[in-house]
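A.B. asks: I am attaching a structure below and will ask some questions about it afterwards.
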Amino acid sequence: MKEAPNNSIQKNALVIIGVTGDLSTKKLFPAIWHGHQTGRFEKVKVVGVGRRDWSPEDFNKFAENSCQPQDPTSSTWKKFCSGLTYVKSDFINEDLSPLSKVLQDCKGIIYFLATPPEAFPILAEKLSKIKVKGFKRLVVEKPFGKDLHTAEKLNTQTKIYFKDQVYRIDHYLGKGMVRNLQTLRYSNEVFRNIWNKDNIESVNIIQSEKTGVETRTEYYDQTGAIRDMIQSHLLQLLALVAMNETSNTKNSFLLKSQTLLKLKKPDSSDVVIGQYASYEKDVGHSSTTESFASIRAFLNIPEWKDVPFYLQTGKKLDENFAKIVIKFKKTKFNPLAPANSLEIMLSPEERVKFTFNLHDHDLNTLKPFSMEYCMSCEFRPNTPTAYEKLILDALNGDKSLYASWAEIRASWKYADKLLEASKANKLFIYQNGSKGPLEQVEKLHIEA
Ligand code: BG6
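Going letter by letter, the sequence shown gives residues 374 to 821 in the working numbering.
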């Protein structure tokens, strides 16, 4: 891969608290390794703090399993490993001052809390006491709290120690196509002019994954799909689709939160929840936690009057993807013509697909055809992955792709109502590897 040494940040450190968990394996280490290969993370010291009694070799092995380097004997991989340090600590109960020795040669520090939110205040307090030469910033994972009340408490408690240096991560905001949403809407006159209730029939925001809860049983069983995915990632996407145009970051925080505050109160008929068949076996006990949620939301905004926003997420389904589909209204000119649609694929590929109608002369019928562009299919070794981009931004003190407190507050206000509305609902059990409780989801769409 091409080296980009100019982007390197000298002698800063990324300290991951709770490093031995699933997040490091799946997202953080692959992101740091990608950044190392492109030269962007080369000079960043990576310090992992965990409870396990690991030797440096164990930590390197953990990194290797997470990053899957093509050649673990290569000098690039060895150099990467030489920048890794593991500190064994029961970080909730033990003093974290030994970290100051490990960090003494570093300028600025990013503390990344890959822990449950309950641990944020105590960790913020302990970490704030470590003397460092340069900046210190606290990056906290979602969900930020488990409801509005706990989120408010967390906000106050973390701010006491890190003031305006709290970075609330939502990795969907770092995804390439999500970063491109505003450009797609506003830098293309063809979409800009039709992005409203007069032309749009519905907005569909769907995330589907094949994996189940895996090793995150305790976390997930206390959280569920609505708190894990809808409160953060999917509501952020809704806000980005519906908010007004702006090129100013501060304005964007404001506009997103204002949009979220305009969500109408949902009732139980707006929510379908489900659980995959082997869920209870996976978590080891009986449970009413939803691993699937499909919701219908409306905005109290004139431009979006009566346009349903369908948000859906689920585990142990048949496919892995995240996408936004804008379904346009059917043309009045020809009632036989299917509606146009714009599909914005966020993952696994970054792709935009527009579907329109033509007359197929061979079959003598009107047929939908598509034009599409796959951005990620091009060889783009220097494009940072979502976590890589966001960690780099935190190192650079750029909060523009982080969630502001106003947005988190607004999305909890809505998510709390959603959780309340779903309480009385039946939990539909769906087959592993299926599309989820399809019949119920279809009803949700038909009844809109
Ligand atoms: C995380 C959730 O925030 O996002 C996980 O906690 C989920 O449960 C993941 O699997 C999905 O992210 P992505 O980028 O793989 O779609």
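The beta carbon of each residue, even a glycine, is placed where N, CA and C say it ideally should be. Everything numeric in this text was worked out from a predicted model, so none of it was measured.
Could you name each continuous alpha helix (DSSP H) segment of 4 residues or more that falls completely within the region 406-472, going from the start of the chain to the end?
C.D. replies: 429-440 and 448-455
A.B. asks: Quick one: give me the first and last residue of the beta strand (DSSP E) that Arg589 is part of.
C.D. replies: Run containing Arg589: none; DSSP gives neither H nor E here.
A.B. asks: Give me, in chain order, the residues of the same chain whose beta-carbon lies closer than 7 Å to that of Val475; leave out the 5 immediate sequence neighbours on both sides.
C.D. replies: Excluding residues up to 5 positions away in sequence, Val420, Thr458 and Val460 lie with their Cβ nearer than 7 Å to the Cβ of Val475 in the same chain.
A.B. asks: Buried or exposed: Phe414, going by 16 or more other Cβ atoms within 10 Å of its Cβ?
C.D. replies: buried
A.B. asks: Consider the C-beta atom of Met602 and the heavy atoms of ligand 1; say whether any pair is separated by less than 8 Å.
C.D. replies: yes
A.B. asks: If you draw a straight line from the alpha carbon of Asp537 to that of Val656, how long is it in whole angstroms?
C.D. replies: Distance between the alpha carbons of Asp537 and Val656 is about 38 Å.
A.B. asks: Is Ile646 helix, strand or coil by DSSP?
C.D. replies: strand
A.B. asks: Nearest to Gln410 by alpha carbon, out of Asn755, Arg424, Arg541 and Lys786?
C.D. replies: Restricting attention to Asn755, Arg424, Arg541 and Lys786, the CA atom closest to the CA of Gln410 is found in Asn755.
A.B. asks: Which two residues bound the contiguous alpha helix (DSSP H) that contains Leu791?
C.D. replies: Trp778 to Ser795
A.B. asks: Hey, would you say the C-beta of Lys808 is under 8 Å away from at least one heavy atom of ligand 1?
C.D. replies: no
A.B. asks: Could you check whether the Cβ of Arg589 sits closer than 8 Å to any heavy atom belonging to ligand 1?
C.D. replies: yes
A.B. asks: Where do the ends of the beta strand (DSSP E) carrying Glu834 lie?
C.D. replies: This structure leaves residue 834 out entirely; the chain is present only between 374 and 821.
A.B. asks: Taking Met744 as part of the beta strand (DSSP E), name the residues at either end of that continuous run.
C.D. replies: It spans Thr738 to Cys747 - the beta strand (DSSP E) in which Met744 sits, taken as one unbroken run.
A.B. asks: Let me check understanding here. Comparing Cα to Cα, which of Lys796, Gln813, Lys772 and Tyr787 lies closest to Asp543?
C.D. replies: Lys772
A.B. asks: Considering only residues of the same chain and omitting the five flanking positions on each side of Ile503, which have a CB-CB separation below 6 Å?
C.D. replies: Hits under 6 Å: Leu472 and Ser473.
A.B. asks: Note down the Cα distance separating Phe706 from Leu739, rounded to an integer number of angstroms.
C.D. replies: 13 Å
A.B. asks: Hey, out of Val417, Arg424, Cys479 and Asp468, whose CA is closest to Lys452's CA?
C.D. replies: Val417
A.B. asks: Note down, one range per segment and in chain order, each alpha helix (DSSP H) of at least 4 residues found wholly within the region 527-599.
C.D. replies: 549-552, 554-559, 562-565 and 590-598
A.B. asks: Compute the Euclidean distance between the alpha carbons of Pro494 and Ala598, then round it to the nearest angstrom.
C.D. replies: Roughly 24 Å between the two C-alpha positions.
A.B. asks: Quick check on DSSP: helix, strand or coil for Lys808?
C.D. replies: For Lys808, the secondary structure class from DSSP, reduced to helix, strand or coil, is coil.
A.B. asks: If you draw a straight line from the alpha carbon of Val698 to that of Cys454, how long is it in whole angstroms?
C.D. replies: One Cα belongs to Val698, the other to Cys454, and the distance between them is close to 42 Å.
A.B. asks: Under the rule that 16 or more other beta-carbon atoms within 10 Å means buried, what is Thr531, buried or exposed?
C.D. replies: buried
A.B. asks: Count the other C-beta atoms from every protein chain shown that fall within 10 angstroms of the C-beta of Ser605, then say buried if there are 16 or more, exposed otherwise.
C.D. replies: buried
A.B. asks: Quick check on this structure: which residue in Asp691, Ile567 and Gln648 has the alpha carbon closest to the alpha carbon of Lys702?
C.D. replies: Ile567
A.B. asks: Within the same chain, show all residues whose beta-carbon is closer than 8 Å to that of Asn385, passing over the 5 residues directly before and after it, in chain order.
C.D. replies: Lys416, Val417, Lys418, Cys479, Lys480, Gly481, Ile482, Ile483, Gly507 and Leu768
A.B. asks: At the level of alpha carbons, what is the spacing between Asp371 and Ala666?
C.D. replies: Shown here, the chain extends from 374 to 821; a query on residue 371 therefore has no answer.
A.B. asks: Find out if the Cβ-Cβ distance for the pair Gly822, Ile764 is shorter than 9 Å.
C.D. replies: Past the edges of the chain, shown from 374 to 821, lies residue 822, and the structure says nothing about it.
A.B. asks: Note down, in chain order, each residue of its chain lying with its Cβ closer than 7 Å to the Cβ of Asp444, except the 5 sequence neighbours on either side.
C.D. replies: Trp450
A.B. asks: Would DSSP call Gly391 helix, strand or coil?
C.D. replies: Here Gly391 sits in coil by DSSP.
A.B. asks: Measuring straight from C-alpha to C-alpha, what distance separates Phe435 and Thr398?
C.D. replies: Phe435 and Thr398 have their C-alpha atoms some 8 Å from each other.
A.B. asks: I'd like the ranges of any beta strand (DSSP E) spanning at least 3 consecutive residues and lying wholly in the region 481-517.
C.D. replies: 482-486 and 509-513
A.B. asks: Going by C-alpha to C-alpha distance, which of Gly423, Asn693 and Ser630 sits closest to Ala779?
C.D. replies: Ser630
A.B. asks: Return the bridge partner residues of Thr686 from the DSSP annotation.
C.D. replies: Gln580 and Ala666
A.B. asks: May I ask you to list the residues that DSSP assigns as paired with Ile699?
C.D. replies: Per DSSP, the beta-bridge partners of Ile699 are Val576 and Leu715.
A.B. asks: Excluding the five sequence neighbours on either side, which residues of its own chain have a C-beta within less than 7 Å of the C-beta of Arg558, listed in chain order?
C.D. replies: Phe564, Arg565 and Trp568
A.B. asks: Ignore the nearest five residues each way along the sequence and tell me which others in Gly806's own chain have a CB closer than 8 Å to its CB.
C.D. replies: Lys583, Lys689, Leu690 and Asp691
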